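Number of protein chains: 2
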Amino acid sequence: MLTRTLAEPHTPRTRVSNPAPVASARSQPAIGGGPLAEVIALCGALMSFRRNEEIYGEDEPADYVYQVKSGAVRTYKLLNDGRRQIGAFHLPGDIFGLEAGNEHRLTAEAISDATVIVIKRGTLVSQAARNVEIARELWAFTARALEHLQNLMLLLGRKNAQERVAAFLLEMASRAPEAGAVELPMSRQDIADYLGLTIETVSRTLTQLENAATIELPSSRRILLRNRTALRQLNA
Amino acid sequence: MLTRTLAEPHTPRTRVSNPAPVASARSQPAIGGGPLAEVIALCGALMSFRRNEEIYGEDEPADYVYQVKSGAVRTYKLLNDGRRQIGAFHLPGDIFGLEAGNEHRLTAEAISDATVIVIKRGTLVSQAARNVEIARELWAFTARALEHLQNLMLLLGRKNAQERVAAFLLEMASRAPEAGAVELPMSRQDIADYLGLTIETVSRTLTQLENAATIELPSSRRILLRNRTALRQLNA
DNA sequence: CGATCGCTTGATTCCGATCAACAGGAGTGG
DNA sequence: CCACTCCTGTTGATCGGAATCAAGCGATCG
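In order, the protein sequences belong to chains Z and R. For the first sequence, position 139 matches number 139 in the numbering used here, and the numbering has no gaps at all. For the second sequence, position 217 matches number 217 in the numbering used here, and the numbering has no gaps at all.
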C-alpha cells in the first residue's frame, strides 16, 4: 500500500509568462463564459508544472485559484499510511483549487506536464464583493464540485467494480473532444485511486468489458466505447 | 437489498405555526450567528415531519431551505435497485437543502419525528444580492458541505470497516451535547448506508470495539466512548 | 542492451456481504 | 395482565468479490 511513484517535493514553479489573456474552451466544471472567466483570463498568469509535480498541498493556504490550460491535474486526500483517494481529475478549461475557506482541503498534482492559469483568490473575492454575478459564480462553482462528489460518494459507497469503471468511462467520454473515444491522461493507479479500487481490479474490469465487446483498447491509454448502452446499464 | 422500511409517499406537510422567530443553537454545519441565521429565524416557518417521512425528493425543485429544529434528518442518493448512500445526518441547528442550482441533488427524510424551520430559497438569494455578507455565508455553507463530503469520500474509498465506524463515532461525539456519550437518533441500517457497509458489519464492529473496551453499549442507541485515543488511531 | 515503468494476468487470500437464526423490546389487542 | 406480532439489533456460518501476492510482457529510455 505504500510503494507508489512519488512526486518530487514541493518546489517553486516556473513562471512562464504574465497577463497573457487566455480564452477557456471546455464544458464540465469549467466556466461558461461569465464575468468570472473574464477576470481569470485578464488577471491570470501562466505557470508550468512537470508530471507528478505538486501544485499545492492539503492544508496549505489557499491564496490562489487555478485553471488548467493544458495537461491534466488530480486532486486527492491521503491517509497516514499512504492510501490515496482522488477526488477529481481536472482537464483543460477546468478551474480547481478555489476554496471558500483559507486552506486547501486536498492536494493537487500535475498528472502530465501541464500549464495552468493562476489568479489570486483575493482578486476574485474582492470582485465578488462588488459584482453580484461573480459572487454567484463562485458559489455555483463550489456547488458543482459538491454535486460531483455526491455522485462519487454513491459510487464509492455502493457500486461494484464494473459499475465504477463504467461510470468512469462515461464521465471521461462526456468530457472528451472526440466522440466515442477516450484518451486517458492518467495511469491505472490514478483511476484505481479515483474509483476506490486497485490497479489489478481496474485492469481486469477493462479486460472484461473488452471481452464483452463493450469497449476496445487500441492502447492502454486509449479506449473506444463500442456499446454505450451497456455502459449506461452498468451505471445503474 | 430491496426490503426496507419505506417512507410513505410525499404528501403536503402540517404547517405548525408561522413566523415564530426561532433561535438556533448548534455548531457544526449549522450557522454561527451571522445575518443568515437572522434571516432564517425571522422569515422561517415551522413544519413537522413524522419518522421516515420525506421532506423533499431528489430532482425536485429546490424552492425551500431547511433548518432542523428538533429530531434528525438524513439526506441520501439511491441506485435503481434500492442501494442507498446517505450523504449526511442533520441534527438540530443544521441547515440542509440549500442548493445553488434549481433542484435538490439528494432526498431528505426525517429519521425521527422532527420539526424544521422552512424558508424560501428566493428570500435568501435575493438577500444575498444586496448583502455581501449573506452571499458569502451561502457560499461558505456549500463549501462546508463539500468539505464534509471530501472526508466521506476518503472514508468510503479507502477505509476499512473499523476505521469507518471509528470515524462515525468521533463525528457523532463531536456533535453531541454530552461529552463522551453519543445518543444515536438513527438505526443501524442508516449508519450502514452512511458508511458504505451492511448492518451486520456495523453491528459486529461495534461489538468488537466494545470487547476491546474502546466503547460501551448501554443500549443499542446509546454509546459511551471509553477510549477516544484508540478511536482516533483507527481514524488513520 | 539492460533497466525501469506501466500494465496485464494468474493464484490465492481475506474482509465484508450474504444467508440464516434468534433474542429483546415496543406496541397491540384480547 | 398476557399473548402476539413486528421491528431492530446481534450473532453464527458460509460465500464471494476484490485485494493481495506473484510473475511476466511490452514500451521507453539511458
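Even for Gly, the Cβ is constructed at its ideal location relative to N, Cα and C. The structure presented is a predicted model; accordingly, all values stated were derived computationally and were not measured.
So residue i is in the alpha helix (DSSP H); what residue range does that whole segment cover?
i                 : result
Ala35 of chain Z  : First, the amino acid is wrong: residue 35 of chain Z is Pro here, not Ala. Unbroken alpha helix (DSSP H) run through Pro35 of chain Z: 35–43.
Ser126 of chain Z : 121–130
Thr229 of chain R : 228–234
Expressed to the nearest angstrom, what Euclidean distance is found between the alpha-carbon atoms of residue i and residue j?
i                 : j                 : result
Gly44 of chain Z  : Ile117 of chain Z : 5 Å
Pro29 of chain R  : Ala236 of chain R : Legend: pLDDT at Pro29 of chain R = 47, less than 50; position of this residue unreliable, no value from coordinates given.
Ala173 of chain Z : Arg105 of chain R : 22 Å
Ala108 of chain Z : Ile55 of chain Z  : 5 Å
Val39 of chain Z  : Leu124 of chain Z : 8 Å
Ser126 of chain Z : Ile134 of chain Z : 10 Å
Leu170 of chain Z : Leu98 of chain Z  : 26 Å
Gly82 of chain Z  : Leu154 of chain R : 12 Å
Met186 of chain Z : Arg204 of chain Z : 17 Å
Glu237 of chain Z : Ala62 of chain Z  : A question about residue 237 of chain Z goes unanswered here, because the residues of chain Z that appear run from 1 up to 236.
Thr207 of chain Z : Lys69 of chain R  : 52 Å
Phe168 of chain Z : Arg221 of chain Z : 14 Å
Ala166 of chain Z : Val65 of chain R  : 34 Å
Ala176 of chain R : Phe89 of chain R  : 13 Å
Glu237 of chain Z : Ala114 of chain R : Residue coverage of chain Z in this structure runs from 1 to 236, which leaves residue 237 of chain Z outside it and unanswerable.
Ile223 of chain R : Arg144 of chain R : 27 Å
Ala100 of chain R : Glu210 of chain R : 43 Å
Ala37 of chain Z  : Ile111 of chain Z : 24 Å
Ala161 of chain Z : Leu197 of chain Z : 7 Å
Glu200 of chain R : Asp193 of chain R : 12 Å
Ile119 of chain Z : Met47 of chain Z  : 10 Å
Arg84 of chain Z  : Asp190 of chain Z : 9 Å
Arg226 of chain R : Val182 of chain R : 11 Å
Glu178 of chain Z : Leu231 of chain Z : 18 Å
Pro35 of chain R  : Glu137 of chain Z : 21 Å
Arg228 of chain Z : Gly87 of chain Z  : 24 Å
Ala140 of chain Z : Ser219 of chain R : 44 Å
Ala128 of chain R : Glu147 of chain Z : 22 Å
Leu195 of chain Z : Phe96 of chain R  : 27 Å
Leu78 of chain Z  : Leu149 of chain R : 15 Å
Asn80 of chain Z  : Arg188 of chain Z : 22 Å
Val132 of chain Z : Gln67 of chain Z  : 22 Å
Arg283 of chain Z : Lys159 of chain R : Not covered by the structure: residue 283 of chain Z. The range shown for chain Z is 1 to 236.
Asn151 of chain Z : Ile215 of chain R : 33 Å
Val202 of chain Z : Leu91 of chain R  : 38 Å
Mark residue i as exposed unless 16 or more other C-beta atoms lie within 10 angstroms of its C-beta, in which case mark it buried.
i                 : result
Leu217 of chain Z : exposed
Ala213 of chain R : exposed
Thr75 of chain Z  : buried
Glu163 of chain R : buried
Asp59 of chain R  : exposed
Ala72 of chain Z  : buried
Gly93 of chain Z  : buried
Arg130 of chain Z : exposed
Thr142 of chain R : buried
Gln233 of chain Z : exposed
Gly122 of chain Z : exposed
Gly180 of chain R : exposed
Gly157 of chain R : buried
Leu42 of chain Z  : exposed
Assuming residue i is part of the beta strand (DSSP E), what are its boundary residues?
i                 : result
Arg222 of chain R : 222–225
Leu78 of chain R  : 73–78
Glu54 of chain Z  : 54–56
Gly87 of chain Z  : 84–90
Leu217 of chain R : 215–219
Lys69 of chain R  : 64–70
Glu99 of chain R  : Careful: Glu99 of chain R lies outside any beta strand (DSSP E) and carries neither H nor E.
Ala108 of chain R : 107–110
Practice item. Note down, one range per segment and in chain order, each beta strand (DSSP E) of at least 3 residues found wholly within the segment 176–206 of chain Z. Key: Those beta strand (DSSP E) runs which fall completely within the segment 176–206 of chain Z and span 3+ residues are 181–183.
Practice item. Using a Cβ-Cβ cut-off of less than 7 Å, list which residues of the segment 166–191 of chain Z approach chain R; keep chain order. Key: Against chain R - using a Cβ distance shorter than 7 Å - the segment 166–191 of chain Z contributes no residues.
Point to revise | Residues of the segment 84–112 of chain Z with Cβ closer than 8 Å to any Cβ of chain R, in chain order | key: Considering only beta carbons, the part of the segment 84–112 of chain Z lying closer than 8 Å to chain R consists of Arg84, Gln85, Gly87, Glu99, Ala100, Gly101, Arg105, Leu106, in chain order.
Check your understanding: Going along the segment 200–231 of chain R in order, which residues come within less than 9 Å of chain Z, judged by CB to CB distance?
Key -> From the segment 200–231 of chain R, no residue has a Cβ closer than 9 Å to chain Z.
Practice item. Select from the segment 118–133 of chain Z all residues with a C-beta closer than 7 Å to any C-beta belonging to chain R, and list them in chain order. Key: Taking 7 Å as the Cβ-Cβ cut-off against chain R, the residues of the segment 118–133 of chain Z that qualify are Ala129, Val132.
Practice item. Please specify which runs of the alpha helix (DSSP H), each continuous and at least 4 residues long, are wholly inside the segment 139–181 of chain R, giving them in chain order. Key: Counting whole runs of 4 or more residues, the segment 139–181 of chain R contains the alpha helix (DSSP H) stretches 161–175.
Exercise for review: Residues of the segment 57–83 of chain R with a CB closer than 8 Å to any CB of chain Z: list them in chain order, please.
Suggested key: Answer in chain order: Lys77, Leu79, Asn80, Asp81, Arg83.
Exercise for review: Check each residue of the segment 134–147 of chain Z: if its Cβ is closer than 7 Å to any Cβ of chain R, include it; give the result in chain order.
Suggested key: Answer set for the segment 134–147 of chain Z: Ala135, Leu138, Trp139, Ala140, Thr142, Ala143, Ala145, Leu146, Glu147.
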